[in-house]
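Chains as they are written, first to last, in the numbering used here: chain E, 199 to 772; chain U, -15 to 118.
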């Protein structure tokens, strides 16, 4: 019975009951809801589909196949760990928002048609913004507003694209828009206008280059616990949707390559460690987008596996920084350092997360990222392969070293705080366990992937090469530190594309406004002057002394009457 | 700018330097040893790769055997066995991968490159912390 409703609906509807539980219990309520939802999802039969007829249109509200299964499962795991992490939070609205957000993301990845996808897509946007606003600061409010506008725009584009696609093809089914099978590739030129709009919608949510900055703008402004939720769902929903709709779209390879590269440079100089993680998140999405663009079975498996592992270790990293934020009150590198003495467990968990994202063997990132890099190799894409290697060294820089080093080691800030609360530690321990478990015993993950695979990550050569890459990257860090060449942390704001809409456009609009105002006042002035002159003329000519208003002498009247008659006479004779 | 090393000299504000802070050089030495070990491992394992490849039988790539040594994208000439080797035994897809210490040099260079690029980027995009608030 329950399987006839979209997965995640338990969380969305249950969230509405949380306020009745009171502040203390609502956190536990959220944990119960996400666990119940996981149970319901786990017992869903394979290849399950439910169709609902609405306004004469068949909507495929539930579609469980291998793609939706793996994303749905990891979304549930993320929701449960994030709920445990947030158990101490007494702000009910955060729990409500978190549950609706997670539930709608799960429903979205199990949606078989574009309209259901759109509804869930917008619901994730509207619910998640409360996790940013919950911070209560003016900065968070403004950032949340920008986030909401951009996310809703993405949804509107998705709906427009879906409607155009429906008019052209008569179908709302959400499947590969190019009609490609795994292993085939197509170009962006083959896309109709509708799917193109949908691609842009996915691109906004997936933080494509130049469309990315909502991510780095909003995530660091969320609450300590809210950002853990945020990091898991929105962008990976976009990755799922891209993989479903645009696998094999060649341009995605290059978009993905750009995505892996530029964030690592920004991450080097960013001071706010949660913003560093947001850049790092963007870079990881790049790997997945490359995998989608390559579009072979191995690459798509790599994308799915990487999304799975990524959600867990990225949550873990955001959790460790959330714990620091919770205890210290800031995540700015300039204010931190030496915390390993007072937060030893958080330090260890953070380093496990950092190791996993960097791809150290025996941790989860290694078994998933290597699939995508190998897929690029198999297709003999040398430039792509090189770019992914550079990106891997970059990940080592910002997440493997910078995050743990500047937060927990580096120069001692002198701050002595309490270790994170038990529930935060529990959530981090669970995520750390998953990172190690997947890295060591990866077969269950590989069995879940969309396509059957015999990929073997632990070959001697592969392990040795990965160790060389990462260890020498770490050596480079030591070298740069010793040589005083590593850029010092500076309290600063680094401009990114958000500058365009936060500074350039307002200024341009300001300037344009001024010009319009000037022209307007000039025009008004000219008109007023003309009217004034006309009135003056009237007053002059029609006034008591004006030539029109004054009394004229009888002789001049007789003279003009004679002239008039004379003219009349001449005309008469003519 | 402070480095790990500075800490051990200056001492920390709390005066309760941890084992790690007192033994930064041990950590660095450990890292160097691990780096060297990873290089030695490559030498050690190299012959074993070849053996595995000759054992493996199925042809993986679509490249013509005759032209494989000509471009950088192809496998080494001496590694004809790896050419026929199953991809899951040996992930090397490009000749450059088999150069001794390639990944090590690459990791080091890429790291330094990224950091320098970042430093350069600061000149262009760095503003005051309250840039957007003012």
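Idealized CB from N, CA, C, for every residue including glycine.
Everything numeric in this text was worked out from a predicted model, so none of it was measured.
- Contacts with chain U at 9 angstroms (Cβ-Cβ) do not include residue 390 of chain E.
- Under the criterion of beta carbons closer than 8 angstroms, residue 514 of chain E and residue 626 of chain E qualify as touching, at roughly 6 angstroms.
- The criterion of a C-beta distance shorter than 9 angstroms is satisfied by residue 511 of chain E and residue 563 of chain E.
- Residues of chain U with a Cβ closer than 7 angstroms to the Cβ of residue 265 of chain E do not exist, since the nearest Cβ in that chain sits about 24 angstroms away.
- Contacts between residue 595 of chain E and chain U, judged by CB atoms closer than 8 angstroms, involve 95, 98, 99 in chain order.
- Residue nearest to residue 452 of chain E within the set E/369, E/378, E/315, E/484 is E/484 (criterion: CA-CA distance).
- For residue 647 of chain E against residue 502 of chain E, the beta-carbon gap comes to about 5 angstroms, under 8 angstroms, which counts as contact.
- Residue burial annotation: residue 740 of chain E is exposed, with fewer than 16 other C-beta atoms found within 10 angstroms of its C-beta.
- Any Cβ of chain E closer than 9 angstroms to the Cβ of residue 6 of chain U would place that residue at the interface, and such an atom is absent.
- Counting along the chain, residue 256 of chain E sits inside the beta strand (DSSP E) bounded by residues 255 to 262.
- Inside the stretch 494 to 582 of chain E, DSSP marks no whole beta strand (DSSP E) run of 3 or more residues.
- Interface residue (Cβ-Cβ distance to chain E less than 9 angstroms): residue 16 of chain U is classified as such.
- By the beta-carbon neighbour count (other beta carbons within 10 angstroms, threshold 16), residue 311 of chain E is buried.
- The Cβ of residue 478 of chain E sits no closer than 9 angstroms to any Cβ of chain U.
- The criterion of a C-beta distance shorter than 9 angstroms is satisfied by residue 109 of chain U and residue 693 of chain E.
- Under the criterion of beta carbons closer than 8 angstroms, residue 16 of chain U and residue 673 of chain E qualify as touching, at roughly 7 angstroms.
- When U/80, U/88, U/94, U/12 are compared, the shortest CA-CA separation from residue 662 of chain E is found for U/88.
- Under the three-state reduction of DSSP, residue 470 of chain E is assigned to strand.
- For the pair residue 204 of chain E and residue 323 of chain E, the CB atoms are not nearer than the 9 angstroms cut-off.
- Contact fails between the stretch 289 to 301 of chain E and the stretch 238 to 252 of chain E, because fewer than three Cβ pairs, one in each stretch, are under 8 angstroms apart.
- Remark: C-beta atoms of residue 262 of chain E and residue 250 of chain E do not approach each other more closely than 9 angstroms.
- Beta-bridge partners of residue 311 of chain E (DSSP): E/371.
- Residue 344 of chain E sits in a helix when the DSSP states are folded into three classes.
- For chain U, the residues of the stretch 683 to 709 of chain E that bring a beta carbon within less than 9 angstroms of one of its beta carbons are 683, 684, 685, 686, 687, 688, 689, 690, 691, 692, 693, 694, 696, 697, 700, 701, in chain order.
- Residue burial is scored here from C-beta neighbours: residue 433 of chain E has at least 16 other C-beta atoms within 10 angstroms and is therefore classed as buried.
- Taking a C-beta distance under 9 angstroms as the contact criterion, residue 497 of chain E and residue 574 of chain E qualify as a contact pair.
- The Cβ of residue 663 of chain E sits closer than 9 angstroms to at least one Cβ of chain U.
- Taking the C-beta atoms as reference points, residue 471 of chain E is found no nearer than 9 angstroms to residue 426 of chain E.
- One thing to note: residue 286 of chain E has its Cβ no nearer than 9 angstroms to the Cβ of residue 213 of chain E.
- At the C-beta level, residue 565 of chain E and residue 636 of chain E come within 9 angstroms of one another.
- Along the stretch 269 to 320 of chain E, the beta strand (DSSP E) does not occur as any fully enclosed run of 3 or more residues.
- Nearest to residue 423 of chain E by C-alpha distance, out of E/499, E/414, E/277, E/377, is E/277.
- In this structure residue 644 of chain E does not touch residue 99 of chain U by the C-beta definition: roughly 35 angstroms separates them, more than the 8 angstroms allowed.
- At least one CB of chain U lies nearer than 9 angstroms to the CB of residue 583 of chain E.
- A distance of 9 angstroms or more separates the beta carbons of residue 671 of chain E and residue 608 of chain E.
- With respect to chain U, the C-beta atom of residue 244 of chain E has no partner C-beta closer than 9 angstroms.
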